[in-house]
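Residues 8 to 611, numbered by our numbering, are exactly what the sequence shown covers, in order. Backbone N, C-alpha and C define an ideal beta-carbon position, used for all residues, glycine too. Everything on this sheet refers to the single structure shown next.
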Amino acid sequence: MSLEKPQFEILEGFLKLWRLRTSQTTRFARFLTSTRSMATTTEAPTAGLEAGASTAAVTRPKLHGRAFYESIGSPKYILAPMVDQSEFAWRMLSRSFIPASEQKNLVAYTPMFHARLYKDTENYRQCHFQAVRPDDSNDATGTAATPTNPTPTTKPWLDGNPAIDRPLFVQFCANDPDALLGAALKVAPYCDAVDLNLGCPQGIAKKGKYGAFLQEDQDLIFKLINTLHKNLPIPVTAKIRVLDTRAATLAYARNVLAAGASILTVHGRLREQKGHLTGLADWETIRWLRGQLPPETVLFANGNILQHSDLQRALDATGADGVMSAEGNLSDPAIFSRPPDPGTETREYWRGKDGKGGYRVDAVMRRYMDILHKYAAGQDPPSRRPLFVFGDDTAWMEEMDRAEAEQDEPERKKRRRDVTNGPKSAKSRALSPNYSAMQPHMFHLLRHFVSKHTDVRDLLARSRAGDLEAYERILSMVERKVAEGLIEYEARGAEMFAGDEVLGPEADAAEVVEEDGESSRGAVKRCKRPWWVVQPIIRPLPKEAMAKGAVSLSKKDKAKLKAAGNGEAAKEEGKEEEVKQNGEKEDQSVQEKVLETDDKLLAG
């Protein structure tokens, strides 16, 4: 039987479709086989470091978009990339609060790495990404093993360890496609995807032309992403900020996706929204984008996450597949875990007489220190007594008094004792990103605590990176002060917070304060807890900051106002508004920068 030409073309089309489906099914079956053979434990991150047998790259199909997203478990929660702040130990701490059965719900990003430096500088790589041990130098054949050249017998160490640190995305800032590809190829064996930072709003990004300061060069952005998409064995993703108009933001998003990004993260703030001008993220624009982009687009939303309950609110409001937390996670690393039901709390979780609660700062600091001992220092954590709860014996506090007497010992004697249980050398401390992040992490975590207990603040300010014994002494002080706070709370209740309009006896618990974007009062009322509980740092909204004098127009903008005679000329279209933050000093210490609650440590 002969076929007419139209009939033949239709039949030929069906045959092509059948071949495509068969090919896809075969690739998917191979993928399932490879993933089963590579199956890793989903135990909480206290599992053995070397549970994975090898870090050697496993040949597997390169997935894209939603297929890739589903292959890593379709995580709803995302630990954001943060400059020097989303390192291995902090990722482990954040994962540790999540039950083993829910570990797949979280994907974490590394800190932002500089692509050119990572590609060209071995020392930079060693100081930022520790996928294999430096002394794991050879396999059975004598072949050298390096962080970018795993051998069949190379064992995983920290970053990207398949047993404890996945899913993991590695983020780079870059403005050179070749440098970005060179860096990405070096981390590809140890992560699930490589992310391009297009959101960093800080001055250093402007000077180096990367992050949010690439958004005017859409051609370069396309080349950066497309180079990875075509040449990298794993997917590429990207993180952007919204632009001045929805139409411009949509065109931006489409360009990123057309270049080959498998996942698009949208931070709902403009590039100019930082520090005291941060304000609220625009969830409505993200929701609008969701409706304009193809339904198969994997979209992450970023911004406005203060508490665990905000995660679902963001998902509902934006329609995104996942929601990212940055500063909220720094203040409360348990933010991705559901709070325990009333009556099921452990000693780590405190609940007040009003029913509100949160994880205790001493409990979270203990977990963090134990992770540093076990993984960064490679030693057993100290034995610890149970966390104090009201009704326990208080005799241990007398021992604390004797420990405080050590403050009066000669400095040389203290230094000699301090190094006995710490890392093996100053060099090992300097090389570990997990040690260099300790001080800023503690100032974020203890922000509200040190506002009351300035002696702890002063000790933190003098602490050295990697000095675990010094941080153990700080932990002991924190534990005692928390115990004293709990005892006082049981005796006095809200009276101990007299004068506090949220926690004090004069507070109106029934008052409902709308979070309207004009005032931060509603967020403070919803989130504030006693100082012994981890909680978000809530900065004033821009109008409040302006009214309080925290932000003022620069001389240049004041001159524009005077010349124009009205406020409309103060903002010149297409240019960044210049602001001056009162009291800022170039030589600010770490704790001052953190206590200002600006976002210098965030990657955008």
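I'd like the list of long-range same chain contacts for residue i, defined as Cβ closer than 7 Å, with 5 residues on each side in sequence excluded.
| i | result |
| --- | --- |
| Gly310 | His274, Gly275, Arg276 and Ala288 |
| Cys534 | Leu313, Gln314, Gln542, Pro543 and Ile545 |
On the three-state DSSP scale, how would you describe residue i?
| i | result |
| --- | --- |
| His71 | coil |
| Gly189 | helix |
| Arg140 | coil |
| Lys214 | helix |
| Ala490 | helix |
| Asn336 | helix |
| Asp317 | helix |
| Met97 | Met is not the amino acid found at residue 97; the sequence shown has Trp there. Correct three-state label for Trp97: helix. |
| Gly364 | strand |
| Phe395 | coil |
| Val463 | helix |
| Arg354 | coil |
| Leu277 | coil |
| Phe456 | helix |
| Phe307 | strand |
| Gly385 | coil |
| Val540 | strand |
| Gly329 | strand |
| Leu257 | helix |
| Ile378 | helix |
| Ile270 | strand |
Identify which residue in the options has its Cα closest to the Cα of residue i.
| i | options | result |
| --- | --- | --- |
| His6 | Leu231, Ser439, Phe395 and Leu271 | This structure cannot settle anything about residue 6, because the visible part of the chain is limited to 8 through 611. |
| Ala191 | Arg533, Arg132 and Ala444 | Arg132 |
| Met503 | Gly359, Ala468, Ala444 and Val396 | Gly359 |
| Asp400 | Val463, Asp474 and Ala490 | Ala490 |
| Gly297 | Leu318, Leu322, Thr160 and Thr285 | The question names Gly, but residue 297 is Arg in the sequence shown. Of the listed residues, the one whose Cα sits closest to Arg297 is Leu322. |
| Arg454 | Asp224, Cys180, Arg480 and Val368 | Val368 |
| Cys180 | Glu223, Ile378, Tyr217 and Ala254 | Tyr217 |
| Arg345 | Pro549, Glu109 and Trp538 | Glu109 |
| Asp127 | Pro389, Lys193 and Phe456 | Lys193 |
| Cys198 | Leu239, Gly326 and Leu510 | Leu239 |
| His451 | Glu495, Lys550, Trp290 and Pro340 | Pro340 |
| Gln92 | Gly335, Lys550 and Ala308 | Gly335 |
| Ala122 | Ile494, Met445 and Gly215 | Gly215 |
| Ala554 | Leu284, Gly72 and Asn112 | Leu284 |
| Thr272 | Gly286, Gly282, Thr252 and Ile293 | Ile293 |
| Asn262 | Leu231, Ile241 and Ala530 | Leu231 |
| Ser483 | Gln386, Arg409 and Gln299 | Arg409 |
Taking 6 Å as the line, does the beta carbon of residue i fall inside it for any heavy atom of the ligand COA?
| i | result |
| --- | --- |
| Met376 | For the structure depicted, the ligand COA is absent and the ligand set is empty, with no information on it obtainable. |
Decide if residue i is buried, meaning its Cβ has at least 16 other Cβ atoms within 10 Å, or exposed.
| i | result |
| --- | --- |
| Ser527 | buried |
| Glu279 | buried |
| Ile247 | buried |
| Thr256 | buried |
| Glu94 | buried |
| Phe397 | exposed |
| Lys459 | exposed |
| Ser103 | buried |
| Ala266 | buried |
| Ile211 | exposed |
| Arg391 | exposed |
| Lys488 | buried |
| Gln209 | buried |
Leaving aside the five residues before and after residue i along the sequence, list all residues of the same chain whose C-beta is less than 8 Å from its C-beta, in chain order.
| i | result |
| --- | --- |
| Phe38 | Because the pLDDT at Phe38 is just 34, under 50, the model does not fix this residue reliably, and the point stays unresolved. |
| Ala370 | Arg354, Glu355, Tyr356 and Leu394 |
| Gln178 | Pro88, Tyr116, Thr117, Pro118, Met119, Phe120, Val201, Asp202, Leu203, Asn204, Lys246 and Ala610 |
| Thr351 | none |
| Thr652 | No answer is possible for residue 652: the residues shown for the chain start at 8 and end at 611. |
| Arg424 | Since pLDDT at Arg424 reaches only 47, below the 50 mark, its modelled position is unreliable, and the value read off the structure follows with that caveat. Around Arg424: Glu476. |
| Gln222 | Leu205, Ile228, Ile247, Arg248, Leu250, Tyr259 and Arg278 |
| Trp290 | Gly275, Ala308, Gly310, Asn311, Ala321, Ala324 and Thr325 |
Looking only at its own chain, which residues have a Cβ that is under 6 Å from the Cβ of residue i, when we skip the five neighbours before and after it?
| i | result |
| --- | --- |
| Ile270 | Thr244 and Val305 |
| Tyr375 | Leu100 |
| Asp328 | Val305 and Leu306 |
| Asp166 | Phe95, Phe136, Gln137 and Ala138 |
Could you spell out where the alpha helix (DSSP H) holding residue i opens and where it closes?
| i | result |
| --- | --- |
| Lys532 | Arg528 to Cys534 |
| Pro440 | Pro440 to Ser443 |
| Thr234 | Gln225 to Asn238 |
| His121 | That residue, His121, is in no alpha helix (DSSP H); its beta strand (DSSP E) goes Leu113 to His121. |
| Val201 | No alpha helix (DSSP H) holds Val201; the beta strand (DSSP E) holding it covers Ala200 to Leu205. |
| His135 | Glu129 to His135 |
| Asn311 | Unbroken run through Asn311: none, as it is neither H nor E. |
| Leu295 | Here the sequence assigns Trp to residue 295, which means Leu is not the residue at that position. Trp295 -> alpha helix (DSSP H) spans Trp290 to Gln299. |
Following the continuous beta strand (DSSP E) through residue i, name the residue where it begins and the one where it ends.
| i | result |
| --- | --- |
| Cys180 | Leu175 to Cys180 |
| Tyr84 | Tyr84 to Leu86 |
| Lys246 | Val243 to Arg248 |
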